[in-house]
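Chains as they are written, first to last, in my numbering: chain A, 1 to 370; chain D, 1 to 394.
Cβ atoms here follow ideal geometry from the backbone N, Cα and C, with glycine treated the same way.
All values reported here derive from a predicted model rather than from experimental measurement.
Encoded as structure tokens, the structure appears first; notes follow it.
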């Protein structure tokens, strides 16, 4: 039994933290979030250079042969920095399908830092996420050697940034995963207004849009189930990073701000609320790391662990941000302070693939039925 | 990072499990109401002695004092497996978790020789004399006096909330030796013989109806100078060692006990009443059961993180306070949910209740969890000041 990151993992943490804090501090992230593009495309090759885009891939595919625990470190740091870019979309969501694909080209392009990818599953009147793949209605038709897709996908993370989309669509013999080149199909992507402008969502309006088969129906179910487990665990790690950063703002403020001739952090109404936020983060951190380890080792508890991690970390992050906003009073409520941006990311994570209650429904079924 | 047992840990766990299966006392009833099925002192001592003779006590203690010099992970496994098997605990909890580690850190060779192996074998049972009627969370304001008298001290005062006081042979006790010094600096840590003249113990009845703890009255109790632990007037630092260890690896036992109780709650909720209705079908009950399960995982893996830092540094980290705080509140939520699952019939108690008083006792007892071993308010202050670096609240 050993619950600690290795020296290499701590070094990776340091490198990612230094890169993100140095080049894209929160003031810069705020500018990007309020700008048109929503990110700095120069960040992508930098993350590729650091190895962040290939950590868990096998060496023969140009990866580092690491696992989800290494990725946990990167996503926690990306959350702490509120990194705006398609890291979650590309690495957490699209990567398993790209790795399973027979054509190596789309994955190679991501590894080189040339292209990024995202995953499109939800539909306006169909599945709400990865747990409901059976409801996919988006239609795939053969077209000579290739395929075309018709239907609308919604809530696609970083749709306007990603170069490629992995799309779940229904072929004759079941739901399969297809690759759609978004760079050559400008009319397909419809950007939507979002609460969190550091992770923008969009629709894909597919109308006989050319596509390539990545993962056939007989393998797609397993790839999507594995994607869901890993995405929940990594979203939880991201939430832990977001929560840590928000709490750090509040702790700094409570130790400096004076009212009634005392530091406000000496009032227990303030300090105990922040303490409770910290406790919730530490508990969520423990479960999130455990979930990442379960996913990495293929542990039989991986599905339960990632559901528990996502439920507790999503809620802990939202609560930490809310406690921080309350602690900082009017300052925390302003547009100029970065706290609201952390809060909005926390809300995205909390909503992603279902709020805590949805994951607890799954856990309750495992505990109480059968 | 690896949550699996190492081969050495797995072997230890397997051997311990087999031993517990073969040796767990058959007359011990874990599902009973302790107010009705009392486990006698002699039974308890005999069981504790068997644990000791089998080599399971004092796992992390030095060999020369009856310990095993084994890694902390073995201690964590022991606590987990005893809780999982629902076997009784060793009767000398205060000695094992508090007095022993304190003597190992601060005691003289003679004190270690006199007490450590007897704590492990349950030949000596310890209790704790810290709290007083006027000194609870503000422990350093305690007023029990210890005055020099020849080659020893004479103690006068009153202690309260002393678990095991009625069966204890010894007491780890804080008393004021210097009334003129600042309040943290005039205290001395004593080993007091509970059979000495002038020591009187009176049981206190808890809101469960059970007399688990006691008042201790000290009237001109003579304590020899060689029963001072650490320096005279240096008792506060020694007491901090005791309190740190109180919340050390204990989290492992608490977590698995919560796991076992949650399993019982799941069984309870899955049962149907005469009309076929199941509490397990109520969406609100389902959410609360799942929430408790998530709470449990948070506790378990936070304990593992704490254990890893204990193994690396030898000192319990702040995670112990997190575990105690969160466990106590989770256990209270569990108890209340169990009563709701039982419905209005939960108001029947003892032999008239469907569970023989088990859930009624568990729920009532859980209210003490946020008070004993550091109130939740004091633990939050400790975390706020020592971990988060916030300014002192007073």
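**Request:** Return the chain-ordered list of same chain residues with a C-beta closer than 6 Å to the C-beta of residue 290 of chain A, the five sequence neighbours on each side being excluded.
**Result:** The beta carbon of residue 290 of chain A lies closer than 6 Å to those of 305 in the same chain, with the five residues before and after it left out.
**Prompt:** Skipping 5 residues on each side, what residues in its chain have a beta carbon closer than 8 Å to that of residue 283 of chain D?
**Reply:** The beta carbon of residue 283 of chain D sits closer than 8 Å to none of the beta carbons in its chain outside the five residues before and after it.
**Item:** Span separating the alpha-carbon of residue 95 of chain A from that of residue 80 of chain A
**Value:** Near 22 Å, if we compare the C-alpha coordinates of residue 80 of chain A and residue 95 of chain A.
**Item:** First through last residue of the alpha helix (DSSP H) which encompasses residue 141 of chain A
**Value:** That residue, residue 141 of chain A, is in no alpha helix (DSSP H); its beta strand (DSSP E) goes 139-143.
**For residue 309 of chain A and residue 289 of chain D, believed in contact at Cβ under 8 Å, the rounded distance** = That belief does not hold up - the Cβ atoms of residue 289 of chain D and residue 309 of chain A are roughly 18 Å apart, past 8 Å.
**Request:** Return yes when the Cβ of residue 110 of chain A is within less than 8 Å of the Cβ of residue 98 of chain A, no when it is not.
**Result:** Yes, they are a contact pair.
**Request:** Check the Cβ-Cβ distances between residue 43 of chain D and every residue of chain A, and say whether any is below 8 Å.
**Result:** Put simply, the CB of residue 43 of chain D is far from chain A, with every gap to its CB atoms at 8 Å or more.
**Prompt:** Thinking just about the alpha-carbon of each residue, which of D/207, D/62, D/1, D/151 is nearest to the one in residue 232 of chain D?
**Reply:** Of the candidates D/207, D/62, D/1, D/151, the residue whose Cα lies closest to the Cα of residue 232 of chain D is D/151.
**Prompt:** Below 8 Å between beta carbons: does that hold for residue 198 of chain A and residue 74 of chain A?
**Reply:** No, these two residues do not count as a Cβ contact at 8 Å.
**Asked** Assuming residue 359 of chain D contacts residue 346 of chain D under a Cβ cut-off of 8 Å, what Cβ separation, rounded to an integer in Å, is found between them?
**Response** Contact flag correct, Cβ pair sits at about 7 Å.
**Prompt:** Under a Cβ-count criterion, where at least 16 other Cβ atoms within 10 Å of its own Cβ denotes burial, should residue 75 of chain D be classed as buried or exposed?
**Reply:** Buried, since its Cβ has 16 or more Cβ neighbours within 10 Å.
**Message:** For the alpha helix (DSSP H) containing residue 220 of chain D, name the first residue and the last one.
**Reply:** Looking at the DSSP string, residue 220 of chain D is not in any alpha helix (DSSP H); the run it does join, the beta strand (DSSP E), is 213-224.
**Interface residues of the segment 100-125 of chain A facing chain D [CB-CB below 8 Å]** = Of all residues in the segment 100-125 of chain A, none has a Cβ within less than 8 Å of some Cβ in chain D.
**Asked** Apart from the five residues just before and just after residue 217 of chain D, which ones in its own chain have a Cβ nearer than 6 Å to its Cβ?
**Response** Closer than 6 Å at Cβ, skipping near neighbours: 158, 200.
**residue 52 of chain A in three-state terms, based on DSSP** = The answer is coil: DSSP assigns residue 52 of chain A none of H, G, I, E or B.
**Message:** Quick check on the DSSP output: the beta strand (DSSP E) that includes residue 176 of chain D runs from which residue to which?
**Reply:** DSSP places residue 176 of chain D inside the beta strand (DSSP E), whose first and last residues are 170-176.
**Request:** Check whether the Cβ of residue 80 of chain D lies closer than 8 Å to any Cβ atom in chain A.
**Result:** No, no contact with chain A.
**Candidates D/257, D/243, D/235, D/78, of which the one nearest residue 31 of chain D by Cα** = Nearest C-alpha to residue 31 of chain D: D/257.
**Request:** Anything in chain A within Cβ reach of residue 391 of chain D, meaning under 7 Å, just list it in chain order.
**Result:** Listed along chain A, the residues sitting closer than 7 Å to residue 391 of chain D by beta-carbon distance are 255, 263, 265, 266.
**Item:** Element boundaries [beta strand (DSSP E), containing residue 156 of chain D]
**Value:** Residue 156 of chain D -> beta strand (DSSP E) spans 152-163.
**Asked** Where residue 71 of chain D and residue 55 of chain D are concerned, what is the direct C-alpha to C-alpha distance, given to the nearest angstrom?
**Response** Taking the CA atoms as reference points, residue 71 of chain D sits about 14 Å from residue 55 of chain D.
**Request:** Please go through the same chain and pick out, in chain order, the residues whose beta-carbon is closer than 7 Å to the beta-carbon of residue 78 of chain D, but skip the five residues on each side of it.
**Result:** For residue 78 of chain D, where only same-chain residues beyond five positions count, the Cβ hits under 7 Å are 16, 56, 59.
**Request:** Determine which residues share a DSSP beta bridge with residue 116 of chain A and list them.
**Result:** Residue pairing by DSSP leaves residue 116 of chain A without any beta bridge partner.
**Item:** Given 8 Å, three or more beta-carbon pairs between the segment 120-136 of chain A and the segment 151-169 of chain A
**Value:** Short answer: they touch.
**Message:** Below 8 Å on the Cβ atoms is my contact criterion, and I expect residue 405 of chain D with residue 311 of chain D to pass it. Report the Cβ-Cβ distance as a whole number of Å.
**Reply:** For chain D, the structure presents residues 1 to 394; residue 405 of chain D sits outside this window and is missing.
**Request:** Answer with yes or no whether the minimum CB distance from residue 289 of chain A to chain D is below 8 Å.
**Result:** Yes, residue 289 of chain A lies at the interface with chain D (some Cβ there is under 8 Å from its Cβ).
**Asked** Where DSSP assigns a beta bridge to residue 358 of chain D, which residues make up the other side?
**Response** Assignment of beta-bridge partners to residue 358 of chain D by DSSP yields no partner.
**Request:** Evaluate contact between the segment 166-175 of chain D and the segment 129-145 of chain D, counting only Cβ atoms and requiring at least three cross-stretch pairs below 8 Å.
**Result:** Yes: at least three Cβ pairs fall under 8 Å.
**Asked** Going by beta carbon distance, what residues of the same chain come within less than 6 Å of residue 28 of chain D, once the five residues before and after it are set aside?
**Response** Counting only Cβ-Cβ distances below 6 Å, and skipping sequence neighbours, we find 88.
**Prompt:** Identify the residues that DSSP records as bridge partners of residue 400 of chain D: which are they?
**Reply:** Coverage of chain D is limited to positions 1 through 394, which leaves residue 400 of chain D absent and any answer about it impossible.
**Prompt:** Mind pulling the beta strand (DSSP E) runs of 3 or more residues that sit fully within the segment 85-134 of chain D?
**Reply:** Listed in chain order, they are 126-129.
**Under 8 Å from the C-beta of residue 360 of chain A: neighbouring residues of chain D** = Those within 8 Å of residue 360 of chain A in chain D are 286, 287, 290, 291, 294.
**Message:** Under DSSP, the alpha helix (DSSP H) around residue 188 of chain A begins and ends at which residues?
**Reply:** Following the DSSP letters along the chain, one finds residue 188 of chain A in no alpha helix (DSSP H), marked with neither H nor E.
**Asked** In whole angstroms, what separates the C-alpha of residue 337 of chain A from that of residue 229 of chain A?
**Response** Straight across, the Cα-Cα distance linking residue 337 of chain A with residue 229 of chain A is about 34 Å.
**Backbone secondary structure at residue 263 of chain A - three-state DSSP** = The three-state reading of DSSP puts residue 263 of chain A in strand, counting E and B together.
**Prompt:** So who's on the other strand from residue 256 of chain A, going by DSSP bridges?
**Reply:** Residue 256 of chain A pairs with nothing; no bridge assigned.
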